[in-house]
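Below is one structure, written out as structure tokens; comments come after it.
Written as structure tokens, this is what we have:
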């Protein structure tokens, strides 16, 4: 193999191994780089997510008639054989790409799923999810708010507080509203003792 030409000024240097593969220093990812092309958030995230979500919905739509009922036919052995055929190899040396991998995995899981929404399914431990709940779960997964602190979930923390307060009023409508410090004046988390009936004296971590 002929030697590689000298790099143009300003470009990363490139070294080639015995196979001829380049080992260039990776560039800083831009708007369409590794981060911009893969994450679900940001300005371009919804469009990336829209294309992948369409693959998921198509796979779900194809799998329901293929399953043919609340459970896949054939029992555990047949389900395992079909799932292995759709998902193997699990960690290949060379990937097939996110679109193909996503479609294969969703199709395998859906064809071999127990579907509580099927009219012939007898009630068991899990219920059929509502479509609006699944759609809302998509938004939550894309935004990924962490409820640990205000700076990780500014609006989601407010919604959580409103929801828990409304549920608390249903249980105890005459209880006084809770009080809390503002985020700016909130003290650092500390350890303080508390008592609870039947459990004796314990140390609990107080966030506010």
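In my numbering, the protein residues as written are 1129 to 1336.
Backbone N, C-alpha and C fix where the C-beta goes; we use that ideal spot for every residue, glycine too.
Touch test, the stretch 1263-1276 against the stretch 1291-1304, Cβ-Cβ under 8 Å, three pairs minimum
no
Limits of the unbroken alpha helix (DSSP H) element including residue 1197:
Run containing residue 1197: none; DSSP gives neither H nor E here.
Reduced DSSP secondary structure (H/G/I, E/B, other) of residue 1308
Correct three-state label for residue 1308: coil.
With DSSP as the reference, label residue 1215 as helix, strand or coil.
Reduced to three states, the DSSP call for residue 1215 is helix.
What did DSSP end up calling residue 1176 once you bin it into helix, strand or coil?
helix
If we count Cβ pairs, one from each stretch, closer than 8 Å, do we get three or more for the stretch 1235-1253 versus the stretch 1191-1198?
yes
Where the alpha helix (DSSP H) through residue 1289 begins and ends
For residue 1289, the uninterrupted alpha helix (DSSP H) segment begins and ends at 1282-1299.
Spatial distance of residue 1215 from residue 1233 (CA atoms)
6 Å
At least 3 beta-carbon pairs within less than 8 Å: the stretch 1246-1259 vs the stretch 1196-1208
yes
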